[in-house]
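Participant: Letter by letter, the sequence shown follows residues 201 to 485 in our numbering.
Yeah, the Cβ is synthetic: ideal placement off N, Cα and C, and Gly gets one too.
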Amino acid sequence: MVLDIEQLRTLVAFADAGSCKGAAHLVHKTPSAVSVHLAKLAASLERALLQREGRRLVLTHDGTELVRYARRMLALQSEALAHFRAPEFGGTLRVGLPDDYIPVLMAPLLAALARLAPLAHVEVQCAPSAELRPLLADGQLDLAILSAETDTQEGLVLRTERVVWTASAQHDVARLDCLPLALFPDGCIFRKWALAQLRKRRREHRIVCTSRSMAAIQAAVRTGFAVSVVAESCVPPDAVVLTPQQGFPALPAVTIILAGSPATDAALVQRLGEQMRGPLRRVRG
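See the structure below:
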């Protein structure tokens, strides 16, 4: 019996996304192709890997166990390929990283690059996604991690998570007649979503803090100076999430993608994405 590596990749994508449709987005296949991969994998093992819970398909115990092995096999394959192809990934690698995801993404990004491109000289540029995109398109960056809307066809999907309103747990700033806001600059999709929802509901508001720094945004929230909109993984530990019941409407989810410049080897993008998905699954949010 030989386990097909692409079928294992599809199984891991299903585990990460929680559905065939989500897995299809991760592995760039149709949902029906994902179903075929999973069925063939189950048949080769003669084990049920999925079961129905209501209207949802979920992993069985055997499916969950196989995912653990599959992650290790995929990581080992990436490391082996990187070992023999490392010279192709030499030179300078210029990587863009959004300011708001530095605490979450910097460590797994650098660890993955150290494994996949040990001969490369890595240069990291931190800036909002809106500033990184044109740099990537112009070839001034080789790789970039970017925030995108969930229906994006751009890059390789690393993670999708909720975007939430957040405020200090110690201050009742959210009930003020004129809502004070701490937001990233123009071009940030969180800023766009927040302002659109407030205008739609005719909620009076004013922007009291604009910063490219997540640390500054979080400080404004923690001190009760302002309410903000951030990815769930970036909510400060001593802050709360504001709900629709409190008058704060649900916001779209954000997708974190990895994209390469037109000149960047697609194999590096694919392998780097595979190396980063595992650590990101363990991040709160």
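Apart from the five residues just before and just after Leu-238, which ones in its own chain have a Cβ nearer than 8 Å to its Cβ?
Facilitator: Gln-207, Thr-210, Leu-211, Phe-214, Cys-220, Leu-249 and Leu-250
Participant: Pull up the distance between the alpha-carbon of Gly-222 and that of Gly-291, whole angstroms please.
Facilitator: 35 Å
Participant: DSSP three-state label for Ala-382, please.
Facilitator: strand
Participant: Assuming Cys-326 contacts Ile-345 under a Cβ cut-off of 8 Å, what Cβ separation, rounded to an integer in Å, is found between them?
Facilitator: Going by Cβ atoms, the distance from Cys-326 to Ile-345 rounds to 10 Å, so no, they are not a contact pair.
Participant: On the DSSP bridge assignment, give the partners of Leu-346 in chain order.
Facilitator: Ile-457
Participant: Which residue's Cα is closest to the Cα of Ala-426: Leu-379, Phe-448, Val-440 and Val-441?
Facilitator: Comparing Cα-Cα distances from Ala-426 to each of Leu-379, Phe-448, Val-440 and Val-441, the minimum goes to Leu-379.
Participant: Should the region 407-426 be regarded as contacting the region 369-388, the criterion being three or more beta carbon pairs within less than 8 Å?
Facilitator: Yes: at least three Cβ pairs fall under 8 Å.
Participant: By a C-beta neighbour count over all protein chains shown, 10 Å radius and 16 as the cutoff for buried, is Ile-456 buried or exposed?
Facilitator: Classification for Ile-456: buried.
Participant: For Gly-439, list the residues DSSP reports as bridge partners.
Facilitator: Per the sequence presented here, residue 439 reads as Ala, with Gly not at that position. Paired residues: Ser-368.
Participant: In terms of residues, what are the limits of the beta strand (DSSP E) holding Glu-253?
Facilitator: 250-253
Participant: Apart from the five residues on each side of it in sequence, which residues of its chain come closer than 6 Å, Cβ to Cβ, to Ser-428?
Facilitator: Thr-366, Ala-382, Ile-417 and Val-421
Participant: Count the other CB atoms within 10 Å of the CB of His-321; is the residue buried (16 or more) or exposed (fewer)?
Facilitator: exposed
Participant: Can you name the start and end residues of the beta strand (DSSP E) that His-405 belongs to?
Facilitator: 405-410
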